[in-house]
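Counting from 1, position 91 in the sequence shown corresponds to residue 85 in our numbering; the numbering is continuous, with no gaps.
Backbone N, C-alpha and C define an ideal beta-carbon position, used for all residues, glycine too.
Note that the coordinates shown come from a computational prediction; the quantities given were computed from them, not determined experimentally.
Worksheet for the structure shown next.
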Amino acid sequence: MEIKDELKNVGLTGQEIAVYLYLLEQGVSSPPQIAKGTGILRPNTYGTIRELQERGFIEHQQKGKRLLYVARDPSVILLNLEMRRDAISRILPDLRSLYKATKNKPAIKFYYGLDEIKNIFDSIDGAKEILFIISSDKMFETYPAFFERFRRSIVSQQVFVRDILTQRSSITIARKTKEVMKGYYDFRLFPKRYEDLPTTIRIWNDNVAFVILDEPELGVVVTSKALGATFRVMFETMWEAGEKF
-5 MEIKDELKNV GLTGQEIAVY LYLLEQGVSS PPQIAKGTGI LRPNTYGTIR
45 ELQERGFIEH QQKGKRLLYV ARDPSVILLN LEMRRDAISR ILPDLRSLYK
95 ATKNKPAIKF YYGLDEIKNI FDSIDGAKEI LFIISSDKMF ETYPAFFERF
145 RRSIVSQQVF VRDILTQRSS ITIARKTKEV MKGYYDFRLF PKRYEDLPTT
195 IRIWNDNVAF VILDEPELGV VVTSKALGAT FRVMFETMWE AGEKF
């Protein structure tokens, strides 16, 4: 690997590499000389010199009223890397604490209006199974064309879908869905006293979505491993108690 490629791995930019190598070869130089020798515009040269000096690759010398620059011994590169490694080692426990806190923190995203809500139902994210607590006739009435496309998409991606439906939900729609999706779909029914659900709940991977199809339409997706696991337990409990058809 060439020297320039190795210096890139150290973290230098193309212009920083050009200036540093120029000073290694030419020795003490002024900014105009560096700009001319490297072909870098003079305003950019000053910024590059400043960056290299701050990182310890070069140093300045005073000659009268002028500042001249010279490359430091190349061993400074190894010294800089060791200093950076030591600094990271010191703060690593704090960084890990922040990482764990962020990792376990739920992410919440809002979707406004039907067009945005469609993105929730389009999202599969590699899921093997998608669970719904839903009023299917309301879904079909709201998105008839999308409903059909969703069913085909699920089959093509071999994703299994289970619905817990209200009694008000059209059994015809559920039967048709089961017919179209073949072995990739099954459903159970709520007790008759629960005629309608104002909110649709969708569970997949670590995501739980809450969708209100009445105006003003709103969708909320919460991504949380703990919440996803909790809602799966709730779903399975309702599934076992649900009425088969």
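Counting only runs of at least 4 residues, the stretch 46 to 98 fully encloses the following alpha helix (DSSP H) elements, listed from N- to C-terminal order: 69 to 98. With respect to Ile195, Phe204 sits close: the two C-beta atoms are nearer than 7 Å. Distance from the CA atom of Thr217 to the CA atom of Tyr93, rounded to whole angstroms, is 16 Å. Remark: C-beta atoms of Pro25 and Tyr40 approach each other more closely than 7 Å. Taking the Cα positions, Ser69 is about 10 Å away from Phe51. Taking Ser83 as the centre and dropping the five residues before and after it, the same chain places no C-beta closer than 8 Å to its C-beta.
Residue environment for Leu35: exposed (fewer than 16 other C-beta atoms within 10 angstroms of its C-beta). Closest in C-alpha terms to Gln161, from the list Leu191, Val149, Leu61 and Tyr179, comes Leu191. Inclusion of Glu237 and Leu183 in the CB contact set at 7 Å is warranted, their separation being smaller than that value. Take the alpha-carbon of Leu89 and the one of Gly222: they are about 26 Å apart.
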